[in-house]
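Student: To convert, note that position 23 of the sequence shown is 1246 in our numbering; the numbers rise steadily by one, no gaps. Built from N, CA and C at the ideal position, the CB exists for glycine as well.
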Amino acid sequence: MFLTLINISCRHHNPLEVDLTKVEPPDIHIKRYEKVLFAISKDSIRQGLNNYRSEFPFFIGDAIDTLDIINLANFITDPTVRKTYDDVVKMYPDLESIEKELNKALHYFKYYFPDIRIKDVYTYISGFDFEHPVTFTDSVFVIGIDMYMGSGYFFYPMLGIPEYKTYRMRRENITVDCMSELARQIIPLNSLQFNFLERMIYEGKLLYFLDMTMPLTDDTLKIGFKASQLEWCQKNEKNIWGFFMGQDLLYSSDRKVIARFMDDGPYTPSFAAESPARTGAYIGWQIIRSFMENTETAPPKLFAINDAQAILKKSKYKPKNK
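(1) Go through its chain and collect everything with a Cβ distance to residue 1408's Cβ below 7 Å, but skip five positions before and after it.
(2) May I have the straight-line CA-CA distance separating residue 1444 from residue 1277, to the nearest angstrom?
(3) Please name the residue or residues paired with residue 1255 in a DSSP beta bridge.
(4) So, are the CB atoms of residue 1256 and residue 1347 less than 8 Å apart?
(5) Whose CA, out of 1395, 1287, 1471, 1332, lies closest to the CA of residue 1447?
(6) With a threshold of 8 Å, are at least 3 pairs of Cβ atoms found where one atom belongs to the segment 1465 to 1485 and the other to the segment 1411 to 1430?
(7) Label residue 1403 either buried or exposed according to how many other C-beta atoms from any shown protein chain fall within 10 Å of its C-beta, with 16 as the threshold for buried.
(8) For the segment 1317 to 1327 against the segment 1383 to 1398, are there 3 or more C-beta pairs whose distance is under 8 Å?
(9) Taking Cβ to Cβ, would you say residue 1369 is nearer than 8 Å to residue 1351?
(10) With a threshold of 16 other CB atoms inside 10 Å of the CB of residue 1300, please say whether the residue is buried or exposed.
(11) Among 1417, 1362, 1315, whose alpha-carbon lies nearest the alpha-carbon of residue 1258?
(12) Give me the residue from 1270, 1305, 1302, 1308 with the minimum Cα distance to residue 1288.
(13) If we ignore side chains and look at the alpha-carbon of each, how far apart do residue 1260 and residue 1313 end up?
(14) Taking only three categories from DSSP, how would you classify residue 1366?
(15) To which residues does DSSP link residue 1357 through a beta bridge?
(16) Buried or exposed: residue 1544, going by 16 or more other Cβ atoms within 10 Å of its Cβ?
(17) Might you give, ordered along the chain, the residues of its own chain that have their beta carbon closer than 7 Å to the beta carbon of residue 1265, omitting 5 neighbours on each side?
(18) Among the residues of its own chain, which have a CB less than 6 Å from the CB of residue 1240, if the five just before and after it don't count?
(19) Enumerate in chain order the residues of its own chain whose CB-to-CB distance from residue 1484 is below 7 Å, with the five nearest sequence positions on each side excluded.
(20) Could you tell me the alpha carbon to alpha carbon distance between residue 1475 and residue 1418, rounded to whole angstroms?
(21) CB-CB under 6 Å to residue 1498, same chain, minus the five flanking residues each way: which ones, in chain order?
(22) Compute the distance between the beta-carbons of residue 1414 and residue 1392, then report whether it is under 8 Å.
(23) Can you list, in chain order, the residues of its chain whose CB lies under 7 Å from that of residue 1435, leaving out five sequence neighbours each side?
(24) Have a look at residue 1309 and residue 1401 and give me their C-alpha separation to the nearest angstrom.
(25) For residue 1515, does the count of other Cβ atoms within 10 angstroms reach 16, so buried, or fall short, so exposed?
(26) Would residue 1307 be called buried (16 or more neighbouring beta carbons within 10 Å of its own) or exposed?
(27) If we ignore side chains and look at the alpha-carbon of each, how far apart do residue 1457 and residue 1344 end up?
(28) If you follow the alpha helix (DSSP H) that residue 1330 is part of, which residue opens it and which one closes it?
(29) Can you tell me which of the three DSSP states residue 1382 falls into?
(30) How is residue 1377 classed by DSSP in three states: helix, strand or coil?
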């Protein structure tokens, strides 16, 4: 019985749960620009910003002109924006748990990429910039905290944000979105002239980066699927791959075809209504996982391999409907 338990434990060990004891943990503290900005009186914006220039250089430049002052005054006194800020403070009185999650993910990141430095992490009220809830620029994360108020937040449908997007506008998506944005910086798309297979492998690499940096996080969060959508993909994985092969999609460069299976949306048009969008990204993810299981490639070196056909061949990918 004892040996059986050991064997079961070994079989389920995730090789990406690496030993971090020899890696100095990061100590990132999230700086809340929204609290500073909305505490400033509209009649003393210039002086108020000057007081915080050293702490928030990403937002406050050396020169603050009159137009900047007018725009900021209008922003912080706008009733919708002000209501949003008040709601944000109620929902996120502090960000300690998010800091803990983000530091954990960045600890794994540092294990693989010790020379890449993350300088700062900021939150702010974005004005509902749902297309860019998180950005990563000049080694700085900028999080639009108003984009994580929960899928049922009343302002979202009023703004016409579709349900498939609001589903991911939750607290638990913040760290995933940060690491996804970081992945796009670490793994740039090498060419704008890519075919279906190349885009699929690229999307798989982005998701595998999340496997590396968030190995204990559920797959539904990594790819942004509901549990039922992930289960649909798992049950239909062989069929999805068979469709791609049967329709000769792998080497297609048709942008509309590629977008149909890789881009965000309510579902995949060629499949059932209960299917998620991004089924091509899901298959790319499974190909990359199979490649890493069947080769001795060190995880960071995966991202330097640009030959998608070679990755597919060496992956020995043979999907099965689960």
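Tutor: The answer reads as follows:
(1) Translated into positions along the sequence shown, residue 1408 becomes position 185. Excluding residues within five positions, the ones whose Cβ falls inside 7 Å are 1359.
(2) Residue 1444 sits at position 221 when you count from the first residue of the sequence shown. Residue 1277 sits at position 54 when you count from the first residue of the sequence shown. The alpha-carbon atoms of residue 1444 and residue 1277 are separated by roughly 35 Å.
(3) Position 32 of the sequence shown holds residue 1255. BP columns for residue 1255 point to 1346.
(4) In the sequence shown, residue 1256 corresponds to position 33, counting from 1. In the sequence shown, residue 1347 corresponds to position 124, counting from 1. Cβ atoms of residue 1256 and residue 1347: closer than 8 Å.
(5) As a first step, residue 1447 is located in the sequence shown; it is residue number 224 there, counting from the start. Here the closest residue by C-alpha is 1395.
(6) yes
(7) Position 180 of the sequence shown holds residue 1403. Buried.
(8) yes
(9) Position 146 of the sequence shown holds residue 1369. Position 128 of the sequence shown holds residue 1351. Yes.
(10) Here residue 1300 refers to the residue found at position 77 when the sequence shown is read from its first residue. Counting Cβ neighbours within 10 Å, residue 1300 comes out exposed, since fewer than 16 surround it.
(11) Along the sequence shown, one-based indexing puts residue 1258 at 35. Per the Cα distances, 1315.
(12) Taking the first residue of the sequence shown as position 1, residue 1288 is located at position 65. Of 1270, 1305, 1302, 1308, the residue nearest in Cα terms is 1270.
(13) As a position in the sequence shown, residue 1260 is number 37, starting the count at 1. As a position in the sequence shown, residue 1313 is number 90, starting the count at 1. Residue 1260 and residue 1313: Cα-Cα distance of roughly 17 Å.
(14) Position 143 of the sequence shown, counted from the start, is the residue given in the question as residue 1366. DSSP places residue 1366 in strand when its eight states are reduced to three.
(15) The residue given as residue 1357 occupies position 134 in the sequence shown. According to DSSP, which records beta bridges pairwise, residue 1357 is partnered with 1366.
(16) Your numbering for residue 1544 matches position 321 in the sequence shown. Burial call: exposed.
(17) Numbered from 1 along the sequence shown, position 42 holds the residue referred to as residue 1265. Once the five neighbours on either side are set aside, the close Cβ partners of residue 1265 are 1296, 1299, 1300.
(18) Within the sequence shown, residue 1240 is the residue found at index 17, counting from 1. 1438, listed in sequence order.
(19) On the sequence shown, residue 1484 is found 261 positions in, with the first residue counted as 1. Around residue 1484: 1491, 1502, 1503.
(20) For the purposes of this step, residue 1475 is taken as the residue at position 252 of the sequence shown. For the purposes of this step, residue 1418 is taken as the residue at position 195 of the sequence shown. So the alpha carbons of these two residues sit roughly 5 Å apart.
(21) Reading the sequence shown from its first residue, position 275 is the one you call residue 1498. 1455, 1490, 1491, listed in sequence order.
(22) Residue 1414 sits at position 191 when you count from the first residue of the sequence shown. Residue 1392 sits at position 169 when you count from the first residue of the sequence shown. Not a contact, by the Cβ cut-off of 8 Å.
(23) For this step, residue 1435 is matched to residue 212 along the sequence shown. 1239, 1331, 1335, 1522.
(24) Against the sequence shown, residue 1309 aligns to sequence position 86. Against the sequence shown, residue 1401 aligns to sequence position 178. Taking the straight line from one Cα to the other gives about 24 Å.
(25) Along the sequence shown, read from residue 1 onward, the residue named residue 1515 stands at position 292. Residue 1515 is buried by the Cβ-count criterion.
(26) For this step, residue 1307 is matched to residue 84 along the sequence shown. Label assigned to residue 1307: buried.
(27) By one-based count along the sequence shown, residue 1457 stands at place 234. By one-based count along the sequence shown, residue 1344 stands at place 121. Answer to the nearest angstrom: the Cα atoms are 35 Å apart.
(28) Numbered from 1 along the sequence shown, position 107 holds the residue referred to as residue 1330. Its alpha helix (DSSP H) spans residues 1319 to 1335.
(29) As a working note, residue 1382 is residue 159 in the sequence shown. Of the three classes helix, strand and coil, the one that applies to residue 1382 here is coil, per DSSP.
(30) Here residue 1377 refers to the residue found at position 154 of the sequence shown. In the structure shown, residue 1377 sits in coil (DSSP, three-state: anything other than H, G, I, E or B).
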